[in-house]
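Peer 1: The structure's right below; bear with me while I get my questions together.
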Amino acid sequence: MKAIEAKIKDLEQLINHIISDHLVVQKENVQLKERVVELEAQLHSQSDEVQNLGIQLERLRLARGLAGDPEEAKAAKAKLGSLMREIDRCIALLNE
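Position in the sequence shown counted from 1, then plus 33, gives you my numbering.
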């Protein structure tokens with residue numbers, strides 16, 4: 034009889050230990066999910082910043098091309114021409 038009681042007590046201890054571990058893992062899971070949300074927001078913010086910096090870089094290259102060496106000036110003029118054609122297409126679409 035004592036052997037059965039001892040086994041039941043051991044089983045209860047194991048169950049309590051498993052429940053305790055489960056609670057710890059659940060808490061850690063919640064923390065990790067919150068961290069994922071934070072990191073996704075940070076990634077989105079940094080992606081936007083990279084895109085804005087790319088636009089600024091393109092503008093700087095365009096400005097330098099207009100005032101710089103002939104090769105960059107040609108590229109800048111081609112880019113401006115392309116932009117102007119795109120604007121003309123947009124205006125034409127709006128007028129339809």
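We put the beta carbon where it would ideally sit given N, CA and C, even for glycine. A quick note: this is a predicted structure, and the numbers were derived from the prediction, not measured.
(1) How many Å lie between E9 and H50 at the Cα?
(2) With three or more C-beta pairs closer than 8 angstroms as the rule, is the stretch 87-97 touching the stretch 107-114?
(3) To the nearest angstrom, how far is the alpha carbon of V83 from that of E73?
(4) May I ask you to report which of helix, strand or coil DSSP gives E102?
Peer 2: Straight from the coordinates:
(1) Lying outside 34 to 129, the shown extent of the chain, residue 9 is not represented and no answer is given.
(2) yes
(3) The residue you call residue 83 lines up with position 50 of the sequence shown. The residue you call residue 73 lines up with position 40 of the sequence shown. Rounded to whole angstroms, V83 to E73 spans 15 angstroms at the Cα level.
(4) Taking the first residue of the sequence shown as position 1, residue 102 is located at position 69. According to the sequence displayed, residue 102 carries Asp and not Glu. Reduced to three states, the DSSP call for D102 is coil.
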